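Residue numbers (our numbering): 5 to 439.
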């Protein structure tokens, strides 16, 4: 449904409302693997109540509304357009990594997303006529998503499980019972023996298994709060998993300015483009060794304390980000803002022939946010490259720079068509001939 109402020759109001559906991806029904029914594959779906590789997937639907005011300022060459908009999406498909290395994803209809904002456009003059003209556009967008449970389990619960495991090693979980306020944060009784200052190496897999006493490095850590399973979150294309998927796609503010000066056959067109940073962050980025898996006391190898701790069945536990001192929520950090400047010149050689030259990225800069992992040439950050590369965690005391931080330059684009580094200068020429 849409309408247009003309108030006068200088003022028009337009609006629209509609319900739209996006077809679900057929790849999320079944998966091509060695054997789809093997427990090693479908176990990842068990928490959601799926005990077979076949999952019912539905189109996500949205209700879209917008209203615009288009106005020409009488007696001038200035016109503007203001458009507020709102969208509500139900059954939003949330992607989950199946094979992070290959980029294989599953889709779950668990999201309720809200998107709203405003668009502004200002235009002065006419680019095809002599003189100065210009165009300014600006868009502000806010997005948030809430996850519905499947069989009582939310995608946020998978993140909370890792936080609970870490908490279970802290002194705050010693002696907790069902009536204790920390009962849920400590794992609801799933890890009754972890909260001790010294632990037996009963997962070491060596001849002295269960005989050595290993210091618990997390015992004096601070109990970490769980994420709210009913809360609103920054929307991500893929929900975080270990060392994978730490990027939101919302860009709150985008602005472009294009100026044009034309004199007969010659035109000069400088432009500026500004993009505010989206959000990123994941609680599953900083690994820690499992004390019960150590074959010797980690303090005996102070530079590589986790070298003798292969992790047992768990492999590793996840620790709070040492640079923020807590488990990073979705959208905990803000990407750099980016500003670029370009210049174009054109000359009409004849009525049918135009020569155009473009200098792209005369200026291109990404403004860092002051985080420990900032890199002057990086514009988009995420987990470390490859989707499975882990930072050093507490396994190594003095790691190389590549493994020192939980986040680095983003190289694993799933659905967002972006470049993660500053763009180089480019010079282009074009000769256009009309036949």
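Think of the CB as a built atom: it goes at the ideal place given N, C-alpha and C, for glycine as much as any other residue. Predicted, not measured: the structure shown is a model, and the values here were computed from it.
Decide if the segment 107-119 is in contact with the segment 55-67; the criterion is three or more beta carbon pairs, one per stretch, under 8 Å apart. Yes, since at least three Cβ pairs between the segment 107-119 and the segment 55-67 fall closer than 8 Å, the two stretches touch.
So residue 11 is in the beta strand (DSSP E); what residue range does that whole segment cover? Start and end: 6-12.
So does the segment 280-300 actually touch the segment 318-326, counting three or more Cβ pairs closer than 8 Å? The segment 318-326 and the segment 280-300 touch, with three or more beta-carbon pairs separated by less than 8 Å.
If we count the other Cβ atoms within 10 Å of its Cβ and call it buried at 16 or more, is residue 427 buried or exposed? That one is exposed.
Residue 268 to residue 17 span [Cα, whole Å]: Those two C-alpha atoms are separated by around 36 Å.
Report the three-state DSSP secondary structure of residue 171 (helix, strand or coil). Looking at residue 171 - three-state DSSP - the assignment turns out to be helix.
Rounded to the nearest angstrom, what separates residue 253 and residue 148 at their Cα positions? In a straight line, the C-alpha of residue 253 is about 11 Å away from that of residue 148.
Close-in-space but distant-in-sequence residues of the same chain around residue 316 (CB under 8 Å, 5 per side omitted): For residue 316, where only same-chain residues beyond five positions count, the Cβ hits under 8 Å are 207, 208, 209, 294, 296, 297.
Residue interval of the beta strand (DSSP E) (run including residue 125): Note, residue 125: beta strand (DSSP E), 108-128.
Would you grab the beta carbon distance between residue 264 and residue 138 for me? Rounded to a whole angstrom, and I think it's under 8 Å. With a Cβ gap of about 7 Å, residue 264 and residue 138 count as contacting.
Let me check understanding here. Comparing Cα to Cα, which of 435, 97, 93 lies closest to residue 33? Of 435, 97, 93, the residue nearest in Cα terms is 97.
8 Å contact criterion, which residue 339 and residue 430 should meet: CB distance rounded: Contact doesn't hold; Cβ gap of about 23 Å is too wide.
In chain order, what residues of the same chain have a beta carbon less than 7 Å from the beta carbon of residue 155, not counting five sequence neighbours either side? For residue 155, where only same-chain residues beyond five positions count, the Cβ hits under 7 Å are 52, 53.
In or out: residue 437 buried (at least 16 other Cβ within 10 Å) or exposed? Result: exposed.
For residue 259, which of helix, strand or coil comes out of DSSP? Judged by DSSP in its simplified three-state form, residue 259 adopts strand.
Using 10 angstroms around the beta-carbon of residue 419, count the other beta-carbons present and answer buried if the total reaches 16, otherwise exposed. With a pLDDT of only 49 at residue 419, under the threshold of 50, the placement of this residue in the model should not be trusted; the figure read from the coordinates follows. Flag for residue 419 reads exposed.
Please report the Cβ distance between residue 250 and residue 386, rounded to the nearest whole angstrom; I am assuming they are in contact, meaning their Cβ atoms lie under 8 Å. About 5 Å separates the CB atoms of residue 250 and residue 386; that is less than 8 Å, so the two are in contact.
Count the other C-beta atoms from every protein chain shown that fall within 10 angstroms of the C-beta of residue 47, then say buried if there are 16 or more, exposed otherwise. It counts as exposed.
Out of 162, 145, 146, point me to the one whose CA is closest to residue 153's CA. Nearest of 162, 145, 146 to residue 153, Cα basis: 162.
Restricting to Cα atoms, I'd like to know which of 182, 164, 335 is closest to residue 193. Looking at 182, 164, 335, the one whose alpha-carbon comes closest to that of residue 193 is 182.
Taking residue 284 and residue 228 to be in contact with their CB atoms under 8 Å, please state how far apart those CB atoms are, rounded to whole angstroms. For residue 284 against residue 228, the beta-carbon gap comes to about 20 Å, at or over 8 Å, which does not count as contact.
Out of 25, 409, 123, 166, which has the shortest C-alpha to C-alpha gap to residue 259? Minimum Cα distance to residue 259 is reached at 123.
Segment limits, alpha helix (DSSP H) that includes residue 43: First-last of the alpha helix (DSSP H) with residue 43: 43-46.
Compare the Cα-Cα distances from residue 359 to each of 370, 397, 432 and report the closest residue. Distance check between residue 359 and each of 370, 397, 432 places 432 closest, using alpha-carbon atoms only.
On the CB-based measure, 16 or more other CB atoms within 10 Å of its CB, does residue 7 come out buried or exposed? Exposed, because fewer than 16 other Cβ atoms sit within 10 Å of the Cβ of residue 7.
Just to confirm before moving on: does the CB-CB distance between residue 120 and residue 146 stay below 9 Å? Yes, the pair counts as a contact, with Cβ atoms nearer than the cut-off.
Under DSSP, the beta strand (DSSP E) around residue 353 begins and ends at which residues? Where residue 353 is concerned, the enclosing beta strand (DSSP E) stretches over 341-354.
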